[in-house]
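Heads up, the sequence shown is in the working numbering, so the first residue is 426 and it goes up one at a time.
Shown next, in C-alpha cells, is the structure this report addresses.
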Amino acid sequence: MAVPQTRRSGCPINLTLEQIGDRWSLIVIRDVMFENRRSYGALLEQNQEGIATNILASRLKHLTASGLLTRCPDPKHQQKGIYSLTEAAIQLVPLLAHMAAWGVRHTHPSKEASLRAEVLEKGGPSLWSALMDELRYLHLGAPRPVRSVLGELRTDDEQAIAT
Numbered sequence: 426m427a428v429p430q431t432r433r434s435g436c437p438i439n440l441t442l443e444q445i446g447d448r449w450s451l452i453v454i455r456d457v458m459f460e461n462r463r464s465y466g467a468l469l470e471q472n473q474e475g476i477a478t479n480i481l482a483s484r485l486k487h488l489t490a491s492g493l494l495t496r497c498p499d500p501k502h503q504q505k506g507i508y509s510l511t512e513a514a515i516q517l518v519p520l521l522a523h524m525a526a527w528g529v530r531h532t533h534p535s536k537e538a539s540l541r542a543e544v545l546e547k548g549g550p551s552l553w554s555a556l557m558d559e560l561r562y563l564h565l566g567a568p569r570p571v572r573s574v575l576g577e578l579r580t581d582d583e584q585a586i587a588t
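Here is the structure:
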C-alpha cells in the first residue's frame with residue numbers, strides 16, 4: 426500500500442523516485458534482499474555505508490508504510506521486529522541489477538563490490554527471475570525453488586575473496 430501524499434506529477438519515474446529515490450531506501454532494500462539483514466540491529470551494524478540510527482529508523486518506517494517492507498514481531502524478542510520484502514520490493518530486482526551494472530561501468534567501484542553486479546548483469550532476466558522466486562520463498566512463503574541464486578552469489582563472493 427502506497428503512502429498517501431501530494432504528487433509532484435503523475436509521471437511513473439517521478440512517482441517511483443518519490444517512493445525510493447532518497448539516499449538510503451535502496452541501500453536498505455539491498456541489504457534485506459542480498460544480505461538477508463532482516464532486523465534493525467543487523468541493518469544498522471552490518472551496513473557498509475554507515476547509516477545513522479535515526480535515518481535507518483525513518484527509512485524502515487517509510488518503506489513499511491510504502492508497502493515495500495513488512496514488519497513482524499521477532500518470535501525470540503517481542504519488542505524487536507523482522508523485516509520482509511513485499512512483492513513490490515522483490516520486483517525491484519531488475520532495477521537494482523541495471524543500477525549495479527551502470528555503477529560498474531561509470532563509477533569505478535572496488536573489484537569486490539563489482540563481482541555481484543557483474544554476475545547479475547551476465548545472468549540477465551533468467552537469473553533475476555530465479556532470484557525473485559527465491560526471495561518470494563524467503564520473504565513471502567512461496568514454494569522453495571530448486572535453484573538458490575543467493576547461495577550461488579555467496580559462493581562467488583567467497584571464491585573472489587579467497588583469490
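Backbone N, C-alpha and C define an ideal beta-carbon position, used for all residues, glycine too.
| Check | Outcome |
| --- | --- |
| Count the C-beta pairs between the stretch 453-470 and the stretch 483-499 that are closer than 8 angstroms, then say yes if the count reaches three, no if not. | yes |
| Using a Cβ-Cβ cutoff of less than 8 angstroms, which residues in the same chain neighbour residue 463 once the five nearest sequence positions on both sides are dropped? | 457, 507, 508 and 509 |
| What is the DSSP secondary structure of residue 447, reduced to helix, strand or coil? | coil |
| Looking only at C-alpha atoms, which of 543, 514, 548 and 520 sits nearest to residue 561? | 514 |
| Residue 498 lies in the beta strand (DSSP E); which residues open and close that run? | 494-499 |
| Identify the residues that DSSP records as bridge partners of residue 508: which are they? | 496 |
| Out of 444, 442 and 582, point me to the one whose CA is closest to residue 538's CA. | 582 |
| So, helix, strand or coil for residue 584, using DSSP? | helix |
| Can you give me the C-alpha to C-alpha distance between residue 564 and residue 484, rounded to a whole angstrom? | 19 angstroms |
| Measuring only between beta-carbons, confirm whether residue 489 sits less than 8 angstroms from chain B. | As a matter of chain content, chain B is missing from the structure shown, which is built from one protein chain. |
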